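Counting in this note's numbering, the sequence shown runs from 2 upward without gaps.
What follows is a short report on a single structure.
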Amino acid sequence: MLNTKLFDHTILKADATEAQVAKICDEALAHDFASVCVNQYYTKFVAEKLKGSDVKVCTVVGFPLGMSDTRVKAFETRAAIEDGAQEVDMVINVGALKDGKYDFVRSDIQTLKEVCGKDIVLKVIIETCLLTDEEKVKACELAKEAGADFVKTSTGFSTGGAKAADVALMRKTVGPDMGVKASGGIHNADEAQAMVDAGASRLGTSATLAIIG
2 MLNTKLFDHT
12 ILKADATEAQ
22 VAKICDEALA
32 HDFASVCVNQ
42 YYTKFVAEKL
52 KGSDVKVCTV
62 VGFPLGMSDT
72 RVKAFETRAA
82 IEDGAQEVDM
92 VINVGALKDG
102 KYDFVRSDIQ
112 TLKEVCGKDI
122 VLKVIIETCL
132 LTDEEKVKAC
142 ELAKEAGADF
152 VKTSTGFSTG
162 GAKAADVALM
172 RKTVGPDMGV
182 KASGGIHNAD
192 EAQAMVDAGA
202 SRLGTSATLA
212 IIG
């Protein structure tokens, strides 16, 4: 049986309604999940629903492409925190990484971590499906150097989701103390367990109830 605190209970689809988000919050409270992860529009609503619980409010920044200007990402992050976000999942600029602009990628992450401070968890989505293994390693190294709290596999909105081999590579790269979040395409308990066995310390999925049975 997987620990329920592994799960970021997620609803990020464009047509998510308030009633659907409220249901996700109720499920997260009932099962004591780690967080509810939503688009920014719902951050304040979720913060109100989860008030007084230890289920965290998680939102996304620069999502899903990661190509926003760093200043825009920083503004998004500040606004999310003001609305009650306790965890922020940002997307790196994948094109900049592929161009070898490592100082930029590091600075993009570092700027958001400075906005987050020590109390707000920053997870860095590297979009593994678009990267070579060498690029995955570099992205993880840059996220760690920038002070991020987690590296995360995927947005779930690109060409592929989490793979156990990628999780294992990310864990090997960042070491034992940094978080690794697997997300995208995790539909059942076997897939979830494979991610944990590979080194994931958090799982992002909309299929959480099916996974925990």
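No residue lacks a Cβ here, since even glycine has one placed at the ideal position from N, Cα and C.
As the structure is a computational prediction, the values presented were derived from the model and not from experiment.
Is it buried or exposed for residue 189, if we count other Cβ within 10 angstroms and need 16 for buried?
exposed
For residue 205 versus residue 26, is the C-beta spacing smaller than 8 Å?
no
Going by beta carbon distance, what residues of the same chain come within less than 7 Å of residue 145, once the five residues before and after it are set aside?
175, 179
Assess contact between the stretch 161 to 172 and the stretch 108 to 123, defined as three or more Cβ pairs (one per stretch) separated by less than 8 Å. Is contact present?
no
Output needed for residue 81: all residues of its chain with C-beta closer than 8 Å, excluding positions within five of it in sequence on either side, in chain order.
41, 44, 60, 62, 89
Considering Cα atoms alone, identify which of 185, 192, 142 is closest to residue 14.
185
Select from 110, 160, 129 the residue whose C-alpha is nearest the C-alpha of residue 153.
129
Under 8 Å, do residue 124 and residue 87 count as touching if we go by C-beta distance?
no
Simplified DSSP state of residue 89, which is helix, strand or coil:
strand
For residue 186, name the three-state secondary structure that DSSP assigns.
coil
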